[in-house]
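Asks:
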Amino acid sequence: MKLSRKYFTFDYNETDAKYIEDLANYLEKAAQRIIDFFEIKHLTQPVYFKFWDSIKDFKKYLIDTDKGYESWVVGHTSGTDHRIDALSLKARQSVPYHRKDAEKDLFEMVVHEFVHMCYYQYVGYKDNLLYIQEGLAVYLSNQYSDAKFPLSCSLEDLLNETQVDYSNYRLIFNHIFKTHDKGYILKLAKDKQFATQETPKIANQLLS
Ligand SMILES: [Zn+2]
152 MKLSRKYFTF DYNETDAKYI EDLANYLEKA AQRIIDFFEI KHLTQPVYFK FWDSIKDFKK
212 YLIDTDKGYE SWVVGHTSGT DHRIDALSLK ARQSVPYHRK DAEKDLFEMV VHEFVHMCYY
272 QYVGYKDNLL YIQEGLAVYL SNQYSDAKFP LSCSLEDLLN ETQVDYSNYR LIFNHIFKTH
332 DKGYILKLAK DKQFATQETP KIANQLLS
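Residue numbers (the numbering used here): 152 to 359.
1) Hey, is the region 286-297 in contact with the region 317-334, meaning 3+ C-beta pairs nearer than 8 Å?
2) Go to residue 336, then tell me how far its alpha helix (DSSP H) extends in each direction, as first and last residue.
3) Report all residues from its chain with a CB closer than 8 Å to the CB of residue 266; omit the five preceding and five following residues, and keep chain order.
4) For the region 203-218 against the region 170-179, do three or more pairs of beta-carbon atoms, one drawn from each stretch, fall closer than 8 Å, so that the two count as touching?
5) Going by other Cβ atoms of all chains shown within 10 Å of its Cβ, with 16 needed for buried, is residue 163 buried or exposed?
6) Distance check for residue 356 and residue 329, CA to CA, integer angstroms please.
7) Terminal residues of the continuous beta strand (DSSP E) containing residue 212?
8) Helix, strand or coil, according to DSSP, for residue 235 in the structure here?
9) Tell me which residues pass a beta-carbon proximity test against ligand 1: closer than 6 Å to any heavy atom, given in chain order.
10) Take the Cβ of residue 314 as the centre, count every other Cβ of all protein chains shown within 10 Å, and call the residue buried at 16 or more, exposed below.
11) Alpha carbons only, please: which of 249, 188, 352 is nearest the one belonging to residue 334?
12) To the nearest angstrom, report how far apart residue 308 and residue 220 are at their CA atoms.
13) Take residue 337 as the anchor and find which of 284, 303, 244, 180 has the nearest alpha-carbon.
14) Out of 246, 236, 166, 229, point me to the one whose CA is closest to residue 268's CA.
15) Are residue 166 and residue 239 close, meaning C-beta to C-beta below 7 Å?
Structure (structure tokens):
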């Protein structure tokens, strides 16, 4: 089944039917805010969201298309394909760490992946430090809003792109948004060299 709005199309299943309209409304509202944040004016093409109600098929797709699969993965964004693959809520609830997930968790993840998509377009599909990419996605999708200090990562983790608990990314970006203007944040997003140079300063303020 398909549902299309200005910036995206959902390709979904029977199991998603009960929340799909709410999810479309939720994403549509967030999408404009995110597009405005990155000042990209519009998307080069609408994002295609494919919801999978079978973990087996989701896994097979990710492996067959060389997109990579781990047992804890519940969503995947491919910037160049303008495509996001995600598990339906019911399937997601049988993945480790996601057993207690509610609609809210799925909705926030869909927005998180949409941030990645806008980000890729903004930076021209270049790479940046993992914590910058994930921090923006977590902050702009309002995930981990109850994260509490202290951080459980080091400066080296941030520079070496070690994957750490996502609550760290939220805390770091709460701080960045509180203490810097948007011009600085967009520069961090776009310029990996600048981000690398700023990271010790950012970390020092939070790890001391
Ligand atoms: Zn992410």
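For each residue, glycine too, the CB sits at the ideal point set by N, CA and C.
Replies: On the basis of the supplied data:
1) yes
2) 333-341
3) 185, 287, 288, 291, 292
4) no
5) buried
6) 12 Å
7) Run containing residue 212: none in the beta strand (DSSP E); it sits in the alpha helix (DSSP H), 206-215.
8) strand
9) 263, 267, 285, 288
10) exposed
11) 188
12) 22 Å
13) 284
14) 229
15) yes
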